[in-house]
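Numbering (this note's numbering), first residue to last: 2 to 188. For glycine and all other residues, C-beta sits at the position ideal for the given N, C-alpha and C.
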Amino acid sequence: MLNVPLLIVEAFVLFMPGFVANPAAVITGGHFPMDGGKNFPDGKRILGDGKTWTGYFGGSILGVLSGLILAVIFYLAGISSLFSYGSSIPAMLITLFAMSFGSLTGDVTGSFIKRRIGIRRGGKGSLLDQWPFVLISFLFLFVFSRGFFMTYYGNVIGALTILIITPPLHRAVNIIGFKMKKKDVPW
Ligand code: CTP
Ligand code: MG
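As structure tokens, then:
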């Protein structure tokens, strides 16, 4: 029998580094635009000033750190057989780097698509702000940490949990960031 509530909680809790990377990029970001200020052949910016190297690397590293803290908590709580990023330190690190860098690579991908369809930097992308980071994070996990991916997100329940919870969670975090004056817009 599938333990559905457990699958949902595992999927959500373990994806925390992927969720943390985006707001962390808001804190560390703002320096060195990833597209070097250049335009795409369509005359619009490739990515725009909202995607910077300090955000990309800073956010990803903070995502990895959040995962390491979680792993220590799982260990101390005696639940690391249920909540595990990997069976060795290198395996854990590969999972966390894939999840976090995948998350912010997906964020960049979303911005690239937003620019191509004419949404300016900071404009509301709705699902384009919310799903690409999840999908590319899943892709990176599938490529670099397949055992972990298949265990927690290879089932429909785990993958759907993240896809369904992400839009309202993203919205809530951005409203908080707006109120804390870290973001100019509440999306
Ligand atoms: N940020 C950054 N580098 C990244 C991602 C985010 O510096 N790789 C910072 C930027 O200051 C950005 C802010 O975090 O403005 C909010 O991120 P996001 O909402 O993803 O960017 P937007 O400014 O909305 O730009 P876009 O329309 O391209 O998503
Ligand atoms: Mg935005």
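Inset, instruction - Starting from Arg172, trace the alpha helix (DSSP H) both ways and give me its first and last residue. - result: Indexing the sequence shown from 1 puts residue 172 at position 171. For Arg172, the enclosing alpha helix (DSSP H) begins and ends at Val157 to Lys180.
Legend entry - Closest residue to Ala26 among Leu83, Val109, Leu97 and Gly37 (Cα-Cα distance): Position 25 of the sequence shown holds residue 26. Nearest of Leu83, Val109, Leu97 and Gly37 to Ala26, Cα basis: Val109.
Inset, instruction - Let me know the secondary structure DSSP gives Pro18 once reduced to three states. - result: On the sequence shown, position 17 is the one that residue 18 refers to. Of the three classes helix, strand and coil, the one that applies to Pro18 here is helix, per DSSP.
Legend entry - Distance cut 6 angstroms, beta-carbon to the ligand MG heavy atom: residue list by chain order: Output, sorted by chain position: Gly123 and Asp130.
Legend entry - Nearest-angstrom Cα separation, counted from Arg122 out to Thr53: Locating residue 53 in the sequence shown gives position 52, where the first residue counts as 1. Locating residue 122 in the sequence shown gives position 121, where the first residue counts as 1. For Thr53 and Arg122, the distance between alpha carbons rounds to 12 angstroms.
Inset, instruction - Note down the Cα distance separating Phe33 from Val5, rounded to an integer number of angstroms. - result: Looking up residue 33 in the sequence shown gives position 32. Looking up residue 5 in the sequence shown gives position 4. The alpha-carbon atoms of Phe33 and Val5 are separated by roughly 44 angstroms.
Inset, instruction - Return the CA-CA distance between His171 and Pro42, expressed in angstroms with no decimal places. - result: Residue 171 sits at position 170 when you count from the first residue of the sequence shown. Residue 42 sits at position 41 when you count from the first residue of the sequence shown. Within the model, the alpha-carbon separation for His171 versus Pro42 is close to 31 angstroms.
Inset, instruction - Can you grab the Cα-Cα spacing for the pair Phe58 / Gly51, in whole Å? - result: Counting from 1 along the sequence shown, the entry for residue 58 is found at position 57. Counting from 1 along the sequence shown, the entry for residue 51 is found at position 50. Looking at the backbone, the Cα of Phe58 and that of Gly51 are separated by about 14 angstroms.
Inset, instruction - Give the DSSP-derived three-state secondary structure of Pro24 in the structure shown. - result: In the sequence shown, the residue the question calls residue 24 occupies position 23. The three-state reading of DSSP puts Pro24 in helix, counting H, G and I together.
Legend entry - Touching by the beta-carbon criterion (3+ pairs, under 8 angstroms), the stretch 101 to 116 and the stretch 74 to 82: The stretch 101 to 116 vs the stretch 74 to 82: no contact.
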